[in-house]
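In what follows, a single structure is set out as structure tokens and then discussed.
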Amino acid sequence: MARTKYIFVLGGVASSLGKGIISASLAKLLQSRGFSVAIQKLDPYINVDPGTLNPYEHGECYVTEDGAETDLDLGHYERFSNVPTSQANNVTTGSIYKTVIEKERRGDYLGHTVQVIPHITDEIKRRIKLLGNTGKYDFVITEIGGTVGDIESLPYIETVRQMRWEMGRDCAVIHLTLVPYLSAAGELKTKPTQHSVKTLLESGVQPDIIVCRTEKHLNENLRNKIALFCNVEPSSVIESIDAKTIYEVPILMRDENLDTEILRKTMMPLDNQPDLKKWEEFLYKLNNPATEINIGLIGKYIELKDAYKSINESFIHASAANECKVNLKLIHSEDIKESNVAELLGNMNGILVAPGFGERGIEGKITAVKYVRENGIPFLGICLGMQCAVVEFARNILGYKSAHSTEMNPDTKYPVIDLMEEQKKIKGLGGTMRLGTYPCKIKKGTKLYDIYQTLTISERHRHRYEFNNEYIEEYEKAGMLMSGINPKDNLVEIIELKDHPWFVGVQFHPEYKSTVAKPHPLFVSFMEAAIKTMKKKN
Ligand code: GLN
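Residue numbers (numbering that gives the first Met the number 0): 0 to 537.
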């Protein structure tokens, strides 16, 4: 294999322009030409990982196979490329400093003064090259969080400058900026882009390609103007127009030749054309649904678009598979009471109770579970959602009125969900949950076996509490089956109801594994059940 090429994606003018989607789209395009690609996110904040961040701060925390708690952009990388990411794909300033300070304490710097340049930048460089040095990738795409000009981003941009200097054509820099439309003037404005590139130049980095996020098409004059002011070729000014869904962006980038430009800049062969047939089929199905259903997503962060990102995207993948549009209605768990549950959930064809932590909104979730259980509405409970289903069943079927999870009530007489043994001695909160992939054995003859069509699955976890095995027998006798068990430590991973059209709770997070190429079977099956109930009702 030729030397790995390093592509950097830096953002300017404003945040939230979609660096993650541009990086994932580029990866998809290069991959569809036959190249192997890894994507990585560098985050300039001081937290060691986003695991301890609340969703209000940073949206969803995404979990990799190897149990890293990471930025949600890694979810996009996996959903687009269908390649699992790992610990090495997400780096934060906190984790860089932690390593450097640990080395200093060990005495590795032999009495030298430890400084941002070269020690911090060397560590950043080492993390960037970790993926390239595996010899597995033609391209490593590195997305740098934040916006050019931020104080926190400076060591990263300095590292890009050094790598460009050292590696020449084995490196390329993409700068994603905003070209705003001023409706009063009826014009697109290039000045913010010019300023952003100037700021980048002050740090010694000349972008090779400028991707312009815009709501109106860029004409040739405008492209030429950006090229002239920013020292790039006109063909390297790429338009990134607002799209109906993020899944259209790879097609838009192909039409704008983003991949060809990158191949040209890094002197890589241009012979293969990207094969996006499957991707286009997916888009066609997504855009031409035969039916429509309403799914209620019950959580406590519903005012926040990114809090349940992977669940949202899993529904989109399952939508295409079922050729059915999902109207995902976010319902605040704190709003749900016995008195209004029928009114809030009555029109839903399926209900998903979301993962979460802590007491807030828990009774609303349990009330919702009772309603869907009694009314035969398809139900999927994920992690805390599954635990709510277990508590509800104890209270209303087994007759243990005060049953609860010990997370919410440590003194409950009926701890049907309890802290895992291994968790009892843990004190710190960072990176200490049961994280990452674990195997699960599925019992034959269960609904879950029909769904997965296999006896062993592996799924990703992020939790501290679990089903309390002392109650297994009682539950199974009363009709709640433990249909998936971790073979090593006997933890209950899946529950299902015998006498219900579709009622499943999973201790793991299926949403982290759903991709465009492989929609998750649980979401696909849940949607099928919802479509069935919808048809019956009409
Ligand atoms: N709070 C629960 C636990 O720690 C559920 C976690 C989750 O939903 N991810 O077990």
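Note that the Cβ used here is the ideal one computed from N, Cα and C, for glycine as well.
| query | residue 78: which of 123, 456, 317 sits nearest, CA to CA? | reply | 317
| query | Counting along the chain, where does the alpha helix (DSSP H) carrying residue 191 start and finish? | reply | 190 to 201
| Cα-Cα, which of 392, 525, 428 is closest to residue 449? | 525
| query | Do you know whose CA, among 146, 180, 106, lies nearest residue 198's CA? | reply | 146
| said: When you compare the segment 49 to 59 with the segment 153 to 168, are there three or more beta-carbon pairs, one atom per stretch, that lie closer than 8 Å? | reply: no
| task | Compute the distance between the beta-carbons of residue 144 and residue 42, then report whether it is under 8 Å. | result | yes
| In the DSSP assignment, what residue or residues form a beta bridge with residue 291? | 324
| Is residue 462 near the ligand GLN, in the sense that its beta carbon is under 7 Å from a heavy atom of that ligand? | Answer for residue 462: yes, Cβ within range of the ligand GLN.
| said: Just to confirm the assignment: which complete alpha helix (DSSP H) runs, minimum length 4, are found wholly within the segment 24 to 108? | reply: 54 to 57, 72 to 80, 92 to 105
| task | Starting from residue 440, follow its DSSP beta bridges and name the residues at the other end. | result | Looking at the DSSP assignment, residue 440 forms a beta bridge with 455, 484.
| message | Quick check: what's the CA-CA separation for residue 527 versus residue 218? | response | 45 Å
| query | Among 150, 286, 211, 499, which residue has its Cα nearest to the Cα of residue 247? | reply | Relative to the Cα of residue 247, the nearest Cα in the group 150, 286, 211, 499 belongs to 286.
| message | On the DSSP bridge list, what partners appear for residue 479? | response | 496
| message | My assumption, with CB atoms under 8 Å, is that residue 9 sits in contact with residue 156. Please give the rounded CB distance. | response | 7 Å
| At a cut-off of 7 Å, is residue 382 close to the ligand GLN when judged by its beta-carbon and the heavy atoms of the ligand? | yes
| said: If you follow the alpha helix (DSSP H) that residue 257 is in, where does it begin and where does it stop? | reply: 257 to 264
| Where residue 535 falls, given that 16 or more other Cβ within 10 Å makes a residue buried | exposed
| field | Helix, strand or coil at residue 461 according to DSSP, with G and I counted as helix | value | strand
| task | Following the continuous alpha helix (DSSP H) through residue 15, name the residue where it begins and the one where it ends. | result | It is not in any alpha helix (DSSP H) - residue 15 carries neither H nor E in the DSSP assignment.
| request: With hydrogens ignored, establish whether the beta-carbon of residue 355 is closer than 7 Å to any heavy atom of the ligand GLN. | output: Checking the Cβ of residue 355 against the ligand GLN gives yes.
| message | Here's the rule I'm using: 16 or more other beta-carbon atoms within 10 Å means buried, otherwise exposed. How should residue 539 be labelled? | response | With the chain running from 0 to 537 in the structure shown, residue 539 is simply not present.
| query | Taking buried to mean at least 16 other C-beta atoms within 10 Å of its own C-beta, is residue 444 buried or exposed? | reply | exposed
| field | Boundaries of the alpha helix (DSSP H) in which residue 184 is found, first to last residue | value | Per DSSP, residue 184 belongs to no alpha helix (DSSP H) and is neither H nor E.
| request: Using the Cα positions of residue 269 and residue 500, report the straight-line distance between them to the nearest angstrom. | output: Computed Cα separation, rounded: 52 Å.
| said: Within a Cβ cutoff of 6 Å, which residues of the same chain sit near residue 179, ignoring the five residues on either side of it in sequence? | reply: Within the same chain, residue 179 has close Cβ partners 188.
| message | Taking only three categories from DSSP, how would you classify residue 390? | response | helix
| said: Under 8 Å, Cβ to Cβ, is there at least one residue of chain B near residue 495? | reply: Here there is only one protein chain, and chain B is not present.
| said: Using the three-state DSSP reduction, which class does residue 420 fall into: helix, strand or coil? | reply: helix
| field | Exposure label - residue 454; buried when at least 16 CB within 10 Å | value | exposed
| Identity of the residue in 422, 421, 407 nearest residue 415 by Cα | Residue 415 has its Cα closest to that of 407, out of 422, 421, 407.
| Mind checking residue 39: buried by the 16 CB within 10 Å criterion, or exposed? | buried
| Distance cut-off 7 Å: residue 452 Cβ against heavy atoms of the ligand GLN | no
| message | Which residue wins for smallest C-alpha separation from residue 354, given the options 383, 371, 346? | response | Measuring from the Cα of residue 354, the nearest candidate turns out to be 383.
| request: Would you check whether the ligand GLN has a heavy atom nearer than 7 Å to the C-beta of residue 406? | output: Result yes, Cβ under 7 Å from the ligand GLN.
| request: May I have a chain-ordered list of the beta strand (DSSP E) segments no shorter than 3 residues that lie completely inside the segment 345 to 381? | output: 349 to 352, 378 to 381
| query | Which term fits residue 391, buried or exposed, when burial requires 16 or more other beta carbons within 10 angstroms of its beta carbon? | reply | buried
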